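Undergrad:
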Amino acid sequence: MRNKFLGTGESGYHPLRKIKIIWSGLRFAVFYDFSVAYKMVLSLIILTLALLFQEWIDFELLLLATGLVLIAEMFNSAIEAVCDFLETRENEKIRAIKDIAAAAVGISMALWLTVVISDLARLTPLLLQYWRN
Numbered sequence: 000m001r002n003k004f005l006g007t008g009e010s011g012y013h014p015l016r017k018i019k020i021i022w023s024g025l026r027f028a029v030f031y032d033f034s035v036a037y038k039m040v041l042s043l044i045i046l047t048l049a050l051l052f053q054e055w056i057d058f059e060l061l062l063l064a065t066g067l068v069l070i071a072e073m074f075n076s077a078i079e080a081v082c083d084f085l086e087t088r089e090n091e092k093i094r095a096i097k098d099i100a101a102a103a104v105g106i107s108m109a110l111w112l113t114v115v116i117s118d119l120a121r122l123t124p125l126l127l128q129y130w131r132n
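In terms of numbering that gives the first Met the number 0, the sequence shown has 56 at position 57, counting the first letter as 1, and numbering is strictly consecutive.
Now the structure itself:
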């Protein structure tokens, strides 16, 4: 896609090309970044339980929290990759940039864990009752 500010890249916008790029990036993040993969798998399991028991608030909260933590993880991975590409040696400024990105992941992770633990505590009794019947 052509960058309208820099005047670089290919001309023409095509929505299907954008979707292909999105899926490519998501696939890369899931297959090569374990921190993204396990959060996605655990969230999908809990989201399935929330849908099964029709716990819509739990579903929506977990969906938002998962989206937030995955976005933070992917931004962090991208920032770290760019920093490592630009500066291969130890650099205090690069370390500060990476630390700030990691702090954003830490905050989003704390929110995600709070929602996951809360949802598991609420959904576990429903699951046990379902299995008993």
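C-beta: ideal position from N, C-alpha, C; glycine also. All values reported here derive from a predicted model rather than from experimental measurement.
1. My output table needs one value for Asn132: the three-state DSSP class, helix, strand or coil.
2. Tell me whether Asp118 is buried or exposed, calling it buried when 16 or more other Cβ atoms sit within 10 Å of its Cβ.
3. Quick one: complete alpha helix (DSSP H) runs, 4+ long, within the segment 19 to 82?
4. Shortest alpha-carbon distance to Ser76 belongs to which of Leu61, Asn90, Asp98?
5. Where does Thr87 fall in DSSP's three states?
6. For Val114 versus Ala49, is the C-beta distance shorter than 7 Å?
7. Between Glu72 and Ser34, what straight-line distance do the alpha-carbon atoms span, to the nearest angstrom?
8. Compute the distance between the beta-carbons of Ile166 and Cys82, then report whether it is under 7 Å.
9. What number of angstroms, rounded off, separates the C-alpha of Ala36 from the C-alpha of Leu62?
10. Pull up the distance between the alpha-carbon of Val40 and that of Tyr129, whole angstroms please.
11. If we ignore side chains and look at the alpha-carbon of each, how far apart do Phe52 and Ala120 end up?
12. Taking DSSP as the reference, what is the three-state secondary structure of Thr123?
TA: With the given structure in hand:
1. coil
2. Counting the other CB atoms within 10 Å of its CB gives Asp118 a total of 16 or more, which places it among the buried residues.
3. Correct list: 33 to 51.
4. The option with the nearest alpha carbon to Ser76 is Asp98.
5. coil
6. No, Cβ-Cβ distance for Val114 and Ala49 is not below 7 Å.
7. 7 Å
8. No answer is possible for residue 166: the residues shown for the chain start at 0 and end at 132.
9. 15 Å
10. Rounded to whole angstroms, Val40 to Tyr129 spans 22 Å at the Cα level.
11. 14 Å
12. The three-state reading of DSSP puts Thr123 in helix, counting H, G and I together.
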